[in-house]
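Asks: Take this structure, written in structure tokens, and hold onto it; I'll ask about it next.
Protein chains: 2
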Amino acid sequence: MNIKINDSFLKINDSYLFSTINKKVKKFISINPNADIIRLGIGDVTLPLSKVVIDALEKASAEMGVQKTFRGYPPEYGYDFLKEAIKKYYSRLNVTLDMDSIFCSDGAKSDLGNIVDIFGDNLVYIPNPVYPVYLDSNIMAGRRVRFMEGNKDNNFLILPKGDYECGIYYLCSPNNPCGTAYTYEELKKWVDFAKRTGSLIIYDSAYEAFIKGNEFVHSIYEIEGAKECAIEVCSFSKQAGFTGLRCGFTIIPLELEAMGHSINKLWSRRQATKFNGVSYPVQRAAEAALSPLGIAECMKNIDYYMENARMLSKLFDEKGIYYTGGKSSPYLWILCPKGMKSWDFFDYLLENANVVGTPGEGFGTCGEGYFRITSFNTHERTKEAIERLRKIL
Amino acid sequence: MNIKINDSFLKINDSYLFSTINKKVKKFISINPNADIIRLGIGDVTLPLSKVVIDALEKASAEMGVQKTFRGYPPEYGYDFLKEAIKKYYSRLNVTLDMDSIFCSDGAKSDLGNIVDIFGDNLVYIPNPVYPVYLDSNIMAGRRVRFMEGNKDNNFLILPKGDYECGIYYLCSPNNPCGTAYTYEELKKWVDFAKRTGSLIIYDSAYEAFIKGNEFVHSIYEIEGAKECAIEVCSFSKQAGFTGLRCGFTIIPLELEAMGHSINKLWSRRQATKFNGVSYPVQRAAEAALSPLGIAECMKNIDYYMENARMLSKLFDEKGIYYTGGKSSPYLWILCPKGMKSWDFFDYLLENANVVGTPGEGFGTCGEGYFRITSFNTHERTKEAIERLRKIL
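From first to last, the protein sequence lines are chains A and B. So the first sequence is numbered by the UniProt record's numbering: it starts at 1 and just counts up by one. So the second sequence is numbered by the UniProt record's numbering: it starts at 1 and just counts up by one.
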């Protein structure tokens, strides 16, 4: 055909990071079919959904088979019952959300991928290393990107710098892949910076439910003034184990405006045009996940994963390996031993311990020489992996 | 904030067509709370999901609560079991699909909205009138649009014209909103045209399951050569009643290439980056909908709706009102009586018969003076609506 493609697609890696890892592991398995692979790589949950969530999912599924309770197209931005549950969830932080600021979706990845649609050609500041979707989606849109470098010196926690200009800033806290999180004071620096420079913060809080204690903030809206400068993207994937169910939401405050235009209105229009809502049974499941019993059951699962994180942390402490994360995050971000490069360490672990992790370089150039290990497997498998790692590290 | 928004958003209607209708109806209800509104407007199904579909949905939901059967992230483009079912479904047309050409999604609307991402600045030819997403998504992307005019003279069935150039062509058959469909010969004209001009056809077959008899094609791939020039977008929404469950799929043949670039590869990359797959229980439900029993049960529902279409057609035949559709489509596209304009007729129907339809003008300027009526309600409500319309038309 003689039609033009979007050239920007030629500027990104051929393959999305986790697709590449998948292929390498598949290939290894085909050569070593008896290998007992332990996956501590892709950030996927492993525990089944909690009872109150399953009950809601099953009940809503049954409703779809009965004329009286059957539902067709969902309301564009989510059923009120789910938006009310989200609003109530935020009230625990003393954050009051307008119902119209809540947009339910099939997941944070979709929202992060699609949010680029509504913005023009701005400077886009992206942490390095970080979840690859922020960068890839902006490169695909032909946007100008600047990296905010994470490293050992700043312990992979990025704060505003003097030479940062007006633009769109992606922040992720607790961070994927580094597991670091912002305190109130640190995030306030960002909000103040954004307000001072007229910038927008896109705040990814997918892992906020893993935060222990009161040291770190859960939502950027805990900071005064954030409603005028920040979008918050959230997910049920890690909090409630919904990676296979698909549900998330994005908060776009009504107060958020750029050069006279309401960002909320733009996203409303974008979603009304290109999205048809979240599956009804899934919305009921999400509502249940935010009920008091649902939250308690989700927290039990999170505590389970964090016990893995504790055991993994202990291993790296023992070995004197530098790492961040593992305390308020399911991710541990380790410095590869012996100055090994990320992908070399990936191969080393896969071949010598049959353990899969994620090479830090896949998250950005500043991730080179680092490696992400996840806490999402079972206790048994994590212990087994720890034993294997103990021998070869 | 001082950041730039996507200016193209300022070039489209403030509100998506069906959002606008929703608001008008809500307002009418608030003023006339006792009005018995019959909705023949938004193309939403009303019959509950069939038993085999519900069984699959419930079984998969239960699996998500048990460690042994719990599933996390779905494979990027859909589980093999669903892709196999789709491949088998197409084989009934003697069309053989490569597994890698099948991309499952949460619905045709998402795919149609997002497919613009992978293309560059081409001439985009869009029927007028047609489903608003094609136009809105391209305007949002700043694309140059030309309209292919449907009217009484061509009976709202658009064929290639001499002055049409190389570009991206959207076709919808059976058509939304006009209900017209292409025969083999007519669609072959399009495929030949596309091959001759190096154009791409984006073929929306969301309503193919409504086709009666052998006169019209179900898939563009029934035409030889279509794999080199066409993408096909499909949906479980209307066929299987999945408007509330959310599932669709897009076929991008491996043969499809533009100036040396594989379109399949581009969409693979786009989806791997910005989408996280379809909900597992919903995929099992879709698989069930494509089983022999599932198809039989879906066809029963479709026959039910088409009985409504038959009754509505009879009314308009009786009144001598020009219309298209209603035979292989759940939509009837009528000429507004007395030369009334679309939105005036919308108000007239709402106020005098408490019936909601969709103003043709909402689908494009060539829809002015026309009106879309849907067959998706119950027999009882459709009969009631017909009686009311009979009095006022």
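Every residue, glycine too, gets a C-beta built ideally from N, C-alpha and C. Remember, predicted model here, so these are calculated numbers, not experimental data.
Whole angstroms is fine: what's the gap from residue 43 of chain B's alpha carbon to residue 374 of chain B's?
Replies: Numbered from its first residue, the second sequence carries residue 43 of chain B at position 43. Numbered from its first residue, the second sequence carries residue 374 of chain B at position 374. C-alpha separation (whole angstroms): 6 angstroms.
Asks: If you measure from the beta carbon of residue 100 of chain A to each beta carbon in chain B, is any gap under 7 angstroms?
Replies: For the purposes of this step, residue 100 of chain A is taken as residue 100 along the first sequence, with counting starting at 1. With 7 angstroms as the cut-off, residue 100 of chain A does not count as an interface residue toward chain B.
Asks: Just to confirm before moving on: does the CB-CB distance between residue 157 of chain B and residue 183 of chain B stay below 7 angstroms?
Replies: Here the question's residue 157 of chain B lines up with position 157 in the second sequence. Here the question's residue 183 of chain B lines up with position 183 in the second sequence. No; because the gap between Cβ atoms is not below 7 angstroms, this pair is not in contact.
Asks: Please list the partners that residue 71 of chain A has in chain B, where partner means a Cβ-to-Cβ separation under 9 angstroms.
Replies: To locate residue 71 of chain A, count along the first sequence from 1; it is residue 71. Result: 243 and 244.
Asks: Rounded to the nearest angstrom, how far is the Cβ of residue 312 of chain A from that of residue 321 of chain A, given a contact under 8 angstroms?
Replies: If you number the first sequence from 1, residue 312 of chain A lands on position 312. If you number the first sequence from 1, residue 321 of chain A lands on position 321. Contact flag wrong, Cβ pair sits at about 11 angstroms.
Asks: Whose Cβ in chain A lies nearer than 8 angstroms to the Cβ of residue 2 of chain B?
Replies: The residue labelled residue 2 of chain B in the question sits at position 2 within the second sequence. Below the 8 angstroms Cβ cutoff, chain A contributes 166, 197, 198, 199, 258 and 259 as neighbours of residue 2 of chain B, in chain order.
Asks: Residues of the segment 267-296 of chain B with a CB closer than 8 angstroms to any CB of chain A: list them in chain order, please.
Replies: 269, 270, 272, 273, 274, 275, 276, 277, 278, 279, 280, 281 and 282
Asks: In angstroms with no decimal places, state the Cα-to-Cα distance between residue 67 of chain A and residue 202 of chain B.
Replies: Counting from one through the first sequence, the residue named residue 67 of chain A turns up at place 67. Counting from one through the second sequence, the residue named residue 202 of chain B turns up at place 202. Between residue 67 of chain A and residue 202 of chain B, the C-alpha separation is close to 35 angstroms.
Asks: If we ignore side chains and look at the alpha-carbon of each, how far apart do residue 108 of chain A and residue 110 of chain B end up?
Replies: Sequence index remark: in the first sequence, residue 108 of chain A carries index 108 (1-based). Sequence index remark: in the second sequence, residue 110 of chain B carries index 110 (1-based). Near 15 angstroms, if we compare the C-alpha coordinates of residue 110 of chain B and residue 108 of chain A.
Asks: Could you name each continuous beta strand (DSSP E) segment of 3 residues or more that falls completely within the segment 105-188 of chain A, going from the start of the chain to the end?
Replies: 123-128, 144-149 and 168-172
Asks: Can you find a C-beta in chain A that's less than 7 angstroms from the C-beta of residue 239 of chain B?
Replies: Sequence index remark: in the second sequence, residue 239 of chain B carries index 239 (1-based). Output row for residue 239 of chain B: interface = no.
Asks: Check this for me: beta carbons of residue 61 of chain A and residue 281 of chain A, under 7 angstroms apart or not?
Replies: Within the first sequence, the letter at position 61 stands for residue 61 of chain A. Within the first sequence, the letter at position 281 stands for residue 281 of chain A. Yes, the pair counts as a contact, with Cβ atoms nearer than the cut-off.
Asks: For residue 384 of chain A, I'd like the list of residues in its chain whose CB is within less than 7 angstroms of its CB, leaving aside the five on either flank, ordered along the chain.
Replies: The residue given as residue 384 of chain A occupies position 384 in the first sequence. The residues are 38.
Asks: Please name the residue in A/229, A/236, A/52 and A/248 whose C-alpha comes closest to that of residue 259 of chain A.
Replies: Here residue 259 of chain A refers to the residue found at position 259 of the first sequence. Considering only alpha carbons, the answer is A/229.
Asks: Assign residue 217 of chain A to one of three DSSP states: helix, strand, or coil.
Replies: Here the question's residue 217 of chain A lines up with position 217 in the first sequence. Three-state result, residue 217 of chain A: coil.
Asks: As a quick exercise: from A/78, A/234, A/332 and A/219, pick the residue whose alpha carbon is nearest that of residue 306 of chain A.
Replies: Start at 1 with the first residue of the first sequence, and residue 306 of chain A comes out as number 306. Residue 306 of chain A has its Cα closest to that of A/332, out of A/78, A/234, A/332 and A/219.
Asks: Over what stretch of residues does the beta strand (DSSP E) that includes residue 371 of chain B continue unbroken?
Replies: Walking along the second sequence from the start, residue 371 of chain B turns up at place 371. 370-374 is the extent of the beta strand (DSSP E) around residue 371 of chain B.
Asks: Shortest alpha-carbon distance to residue 64 of chain A belongs to which of B/147, B/164, B/242 and B/225?
Replies: Locating residue 64 of chain A in the first sequence gives position 64, where the first residue counts as 1. Closest by alpha carbon: B/242.
Asks: Let's see if you can read the secondary structure: which residues bound the beta strand (DSSP E) around residue 234 of chain A?
Replies: Counted from its first residue, the first sequence places residue 234 of chain A at position 234. Going by DSSP, residue 234 of chain A is part of the beta strand (DSSP E) stretching over 230-235.
Asks: Looking only at its own chain, which residues have a Cβ that is under 7 angstroms from the Cβ of residue 151 of chain A, when we skip the five neighbours before and after it?
Replies: Here residue 151 of chain A refers to the residue found at position 151 of the first sequence. 366, listed in sequence order.
Asks: Return yes when the Cβ of residue 235 of chain A is within less than 7 angstroms of the Cβ of residue 194 of chain A, no when it is not.
Replies: Your numbering for residue 194 of chain A matches position 194 in the first sequence. Your numbering for residue 235 of chain A matches position 235 in the first sequence. No. Outside cutoff.
Asks: For a contact defined as C-beta to C-beta under 9 angstroms, what are the partners of residue 299 of chain A on chain B?
Replies: The count along the first sequence starts at 1 and reaches residue 299 of chain A at position 299. Correct list: empty, because the minimum Cβ distance to chain B is about 17 angstroms.
Asks: Using CA atoms only, rank isn't needed, just tell me which of B/379, B/382 and B/350 is closest to residue 32 of chain B.
Replies: Along the second sequence, read from residue 1 onward, the residue named residue 32 of chain B stands at position 32. Ranking the options by Cα distance to residue 32 of chain B, first place goes to B/350.
Asks: Quick check: what's the CA-CA separation for residue 270 of chain A versus residue 21 of chain B?
Replies: Start at 1 with the first residue of the first sequence, and residue 270 of chain A comes out as number 270. Start at 1 with the first residue of the second sequence, and residue 21 of chain B comes out as number 21. Cα to Cα, residue 270 of chain A sits roughly 17 angstroms from residue 21 of chain B.
Asks: In chain A, what lies closer than 9 angstroms to residue 365 of chain B by C-beta?
Replies: Position 365 of the second sequence, counting from 1, holds the residue named residue 365 of chain B. The contacting residues do not exist; residue 365 of chain B stays about 18 angstroms from chain A at best.
Asks: Below 7 angstroms between beta carbons: does that hold for residue 309 of chain A and residue 326 of chain A?
Replies: The sequence position of residue 309 of chain A within the first sequence is 309, counting from 1. The sequence position of residue 326 of chain A within the first sequence is 326, counting from 1. Cβ distance < 7 angstroms, so residue 309 of chain A and residue 326 of chain A count as in contact.
Asks: Is any beta-carbon of chain A found at less than 7 angstroms from that of residue 58 of chain B?
Replies: Residue mapping note: residue 58 of chain B aligns to position 58 of the second sequence, counting from 1. Yes, residue 58 of chain B counts as interfacial toward chain A.
Asks: Could you check which residue in B/177, B/93 and B/191 has the C-alpha nearest to that of residue 323 of chain B?
Replies: The residue you call residue 323 of chain B lines up with position 323 of the second sequence. It is B/177.
Asks: Residue 219 of chain A and residue 93 of chain A: beta carbons closer than 7 angstroms?
Replies: Here residue 219 of chain A refers to the residue found at position 219 of the first sequence. Here residue 93 of chain A refers to the residue found at position 93 of the first sequence. Yes, the Cβ-Cβ distance between residue 219 of chain A and residue 93 of chain A is below 7 angstroms.
Asks: Within the segment 290-321 of chain A, note down every full alpha helix (DSSP H) run reaching 4 residues or more, in order along the chain.
Replies: 292-319
Asks: Throw me the rounded Cβ distance for the residue 210 of chain A and residue 160 of chain A pair, which I believe falls under 8 angstroms.
Replies: Looking up residue 210 of chain A in the first sequence gives position 210. Looking up residue 160 of chain A in the first sequence gives position 160. That belief does not hold up - the Cβ atoms of residue 210 of chain A and residue 160 of chain A are roughly 25 angstroms apart, past 8 angstroms.
Asks: So what's residue 272 of chain A in DSSP terms, helix, strand or just coil?
Replies: Along the first sequence, one-based indexing puts residue 272 of chain A at 272. If DSSP states are grouped into helix, strand and coil, residue 272 of chain A belongs with the helices.
Asks: Quick one: Cα of residue 357 of chain A to Cα of residue 347 of chain A, how far?
Replies: Taking the first sequence and counting its residues from 1, the one referred to as residue 357 of chain A is at position 357. Taking the first sequence and counting its residues from 1, the one referred to as residue 347 of chain A is at position 347. Those two C-alpha atoms are separated by around 9 angstroms.
Asks: Short check: CB of residue 5 of chain B to CB of residue 119 of chain A, under 7 angstroms?
Replies: For the purposes of this step, residue 5 of chain B is identified with residue 5 of the second sequence, where counting begins at 1. For the purposes of this step, residue 119 of chain A is identified with residue 119 of the first sequence, where counting begins at 1. Contact flag set, yes.
Asks: Using the Cα positions of residue 141 of chain B and residue 378 of chain A, report the straight-line distance between them to the nearest angstrom.
Replies: As a first step, residue 141 of chain B is located in the second sequence; it is residue number 141 there, counting from the start. As a first step, residue 378 of chain A is located in the first sequence; it is residue number 378 there, counting from the start. Taking the straight line joining both Cα atoms gives about 45 angstroms.
Asks: Just to confirm, are residue 3 of chain B and residue 101 of chain B a CB contact at a threshold of 7 angstroms?
Replies: For this step, residue 3 of chain B is matched to residue 3 along the second sequence. For this step, residue 101 of chain B is matched to residue 101 along the second sequence. For residue 3 of chain B and residue 101 of chain B, no; Cβs fall outside 7 angstroms.
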